[in-house]
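Let me begin by presenting the structure, written as C-alpha cells, before commenting on it.
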Amino acid sequence: MVTLRPDVVRAPTQYGAVLLHIDNGRYWTLNPSGDLVLRILLDGGDTAAAVRGLCETSEVDPETARRDVEGLLAQLADVGLIEAEPESRWSPETEAVCDPRTQAR
C-alpha cells in the first residue's frame, strides 16, 4: 500500500501532476504516466495493477513497465513524498485476482 506523506499534497495539472512537500516548499512534477501509476497505487492498487495500467495506456512491455513502476516508487520514497508498505506484506490474494470476472461467485 502506498500513501502520500501527511505533509505532501498532489495537484493534478494539464501535464500530469505536481507533488508539493509543504514543510520544505519543494515540488516535483509527474508526467501523465507517472501520475497514472501514483493514482493507481494511492487508490489501493499494487505494483501489478500499476504495471497493467501503464501497459494499457502506453506502448510499453510488462517488464519495462514493472521497472518503471518500481523506479518511480523508489524515487518518491527517497525524497520523502510517499510511504510504501513492502510488497511482501501485501496479500497474495489481492495480486492473484486480476480480472473480477474470474472471481468465484
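Each step along the sequence shown adds one to the number in the numbering used here, with nothing skipped, and position 1 is -7. Note that CB positions come from ideal geometry on N, CA and C, so glycine has one too. Predicted model only: the values in this text are computed from it and were never measured.
Roughly how far, in whole angstroms, is the beta-carbon of residue i from the beta-carbon of residue j, given that I think they are within contact range, below 8 Å?
i	j	result
Ala9	Asp27	4 Å
Val(-6)	Leu11	Not quite, the Cβ-Cβ distance comes to about 12 Å (not below 8 Å), so this is no contact.
Val29	Val61	5 Å
Who are the Cβ neighbours of residue i in its own chain at under 7 Å, not counting the five residues just before and after it?
i	result
Arg(-3)	Gly72, Leu73, Ile74, Glu75
Pro54	Val43, Cys47
Leu68	Ile74
Ser50	Ser25
At which residues does the alpha helix (DSSP H) containing residue i begin and terminate?
i	result
Arg2	Premise fails: Arg2 lies in the beta strand (DSSP E), 0 to 5, not in any alpha helix (DSSP H).
Val29	24 to 34
Glu75	Counting along the chain, Glu75 falls outside any alpha helix (DSSP H), though it belongs to the beta strand (DSSP E) covering 74 to 76.
Gly45	39 to 49
Distance, Cα to Cα, residue i vs residue j?
i	j	result
Arg44	Ala66	19 Å
Glu77	Arg2	19 Å
Leu99	Ala41	Residue 99 is absent from the model: the chain starts at -7 and stops at 97.
Arg58	Asp70	18 Å
Pro4	Arg31	10 Å
Ends of the beta strand (DSSP E) at residue i?
i	result
Leu11	8 to 13
Leu(-4)	-6 to -4
Going along the chain, which residues of its own chain have a beta-carbon closer than 8 Å to the beta-carbon of residue i, five neighbours each way excluded?
i	result
Tyr7	Thr21, Asn23, Pro24
Gly17	none
Gly36	Met(-7)
Tyr19	Val10, Leu11, Leu12, His13
Looking only at its chain, what residues have a beta carbon closer than 6 Å to the beta carbon of residue i, apart from the 5 residues adjacent to it on each side?
i	result
Ile14	Asp(-1)
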